[in-house]
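Counted the way this note's numbering counts, the sequence shown spans residues 161 to 480. The structure under discussion appears below in the form of structure tokens.
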Amino acid sequence: MGRLAGARAAADSGGRTLVGATLLRQRGDIARSHFRRARPQAGARSAPGSPRAGLRDTCPGAGATALRPESLSCHDAGAVAARRQNQFFRGVEVTVSPEQRDHIRSFVLRQGRVSSAQLRNYEEGMPRYGLPYAAAPIDLASVFGRVAPQILEIGCGMGETTALIAANHPENDYLGIEVHTPGVGSLLKEIATRELTNLRVIQHDAVEVVRDMIPPGSLAGIHIYFPDPWPKKRHHKRRLIQPPFVALLASRLAPGGYLHCATDWEEYAQQMLEVLSAEPLLANTTAGFAPRPAWRPQTKFETRGLRLGHGVWDVLFQRK
Numbered sequence: 161m162g163r164l165a166g167a168r169a170a171a172d173s174g175g176r177t178l179v180g181a182t183l184l185r186q187r188g189d190i191a192r193s194h195f196r197r198a199r200p201q202a203g204a205r206s207a208p209g210s211p212r213a214g215l216r217d218t219c220p221g222a223g224a225t226a227l228r229p230e231s232l233s234c235h236d237a238g239a240v241a242a243r244r245q246n247q248f249f250r251g252v253e254v255t256v257s258p259e260q261r262d263h264i265r266s267f268v269l270r271q272g273r274v275s276s277a278q279l280r281n282y283e284e285g286m287p288r289y290g291l292p293y294a295a296a297p298i299d300l301a302s303v304f305g306r307v308a309p310q311i312l313e314i315g316c317g318m319g320e321t322t323a324l325i326a327a328n329h330p331e332n333d334y335l336g337i338e339v340h341t342p343g344v345g346s347l348l349k350e351i352a353t354r355e356l357t358n359l360r361v362i363q364h365d366a367v368e369v370v371r372d373m374i375p376p377g378s379l380a381g382i383h384i385y386f387p388d389p390w391p392k393k394r395h396h397k398r399r400l401i402q403p404p405f406v407a408l409l410a411s412r413l414a415p416g417g418y419l420h421c422a423t424d425w426e427e428y429a430q431q432m433l434e435v436l437s438a439e440p441l442l443a444n445t446t447a448g449f450a451p452r453p454a455w456r457p458q459t460k461f462e463t464r465g466l467r468l469g470h471g472v473w474d475v476l477f478q479r480k
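Here it is in structure tokens:
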């Protein structure tokens, strides 16, 4: 993983990374710490003294203003996401122990572009709608200020579907997990624009969030929509839907709670069905694949794929 430029943290003998005022001293340092300084370009520099001064404001070939972050590898991604989010949660202690790095991650934070709008939404929205990762159970009833069915969505993408589901079901409280900063920024904008009070976001590895923060038997439902299929056989070990993780998810569901997965990759759909069917705490709600439930909106991408003859498969299981 390319290291975040300028980020400093002190680790003690217990493996804890202390994140606070010494990590980032000014709000403007967010951009400077996490985005690569660019070569000077005529007409592309921000005003002197601006938080974005010295950053590349225009990416060649891009039609919109964008910033290019460092490339991150999968092995340290959880720790990096924790450091990034804790810019907005000063004084929070983030535990990064060897035990927390013992699983194969289902994602890679590849080098990409974060638009200035996404970065702005991230900076403004994370303190309001983001939750810090912590290796301790979270009380979502206190977070949302009420007792309501709690639903976890893993992999929110750009956030449109997650926000729409939350808007359509104000009776539920939703916690979204996403590791990619552009998607988090986009989702935070959706929350603010729709004025959603029943949706919060954690930017961290989903395996660690579920394992460390979600109390057993607390969830009414779990959504995993269109996870990375990792199509190459040698990469199948990186797929999110694996027996150990499904067992962990099942343990976090309340009796009668559901686990709903969807994919447009047929071979992965078959694996999902096999893995969930083998979990003793879960029971299939149908014989095989399920019809798309009314609560899952059909995305534009999905609509186009169906029009072209591509398949989409839903798997819906219930906690016994």
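Don't be surprised by glycine CBs; every beta carbon is placed ideally from N, CA and C.
In the DSSP assignment, I337 falls within the beta strand (DSSP E) that extends over 333-337. For L348, the CB contacts under 7 Å within the same chain, skipping 5 residues up- and downstream, are N281, Y282, G285, M286, Y289, V361 in chain order. Here D372 carries a helix assignment [DSSP, helix/strand/coil]. With respect to the 8 Å criterion, R456 and A410 are not classified as neighbours on the basis of their beta carbons.
Annotation for N444: the continuous beta strand (DSSP E) segment containing it runs 442-444.
Secondary structure remark: continuous beta strand (DSSP E) runs of at least 3 residues inside the region 354-432, in chain order: 359-362, 379-385, 413-423. For V475, the uninterrupted beta strand (DSSP E) segment begins and ends at 473-479. Between the beta-carbon of P453 and that of H420 there is about 7 Å, and that keeps the pair under the 8 Å contact cut. Using a 10 angstroms sphere on the CB of A438, the tally of other CB atoms stays under 16, which defines it as exposed. Per DSSP, E284 lies in no beta strand (DSSP E) segment; the continuous alpha helix (DSSP H) that holds it begins and ends at 276-289. The beta-bridge partner set that DSSP reports for A450 consists of D474. By the criterion of a C-beta distance shorter than 6 Å, I384 is surrounded in its chain by I314, C421, once the five residues flanking it on both sides are discounted. In the structure shown, L468 adopts coil according to DSSP, grouped into three states. Counted as a single uninterrupted DSSP element, the stretch harbouring E439 is not any beta strand (DSSP E), since DSSP gives it neither H nor E. Looking at the backbone, the Cα of T353 and that of H396 are separated by about 38 Å.
Taken through DSSP and simplified to helix, strand or coil, I351 comes out as helix.
The C-beta distance from Q310 to D333 rounds to 5 Å, short enough to meet the 8 Å contact threshold.
The beta carbon of G417 is closer than 8 Å to those of L379, A380, G381, I382, Q478, R479 in its chain, skipping five residues each way along the sequence. Between T341 and V274, the C-beta gap is smaller than 8 Å, which places the two residues in contact.
Taking the CA atoms as reference points, P387 sits about 20 Å from L359. Cα atoms of R399 and V475: separation of roughly 16 Å, rounded to the nearest angstrom.
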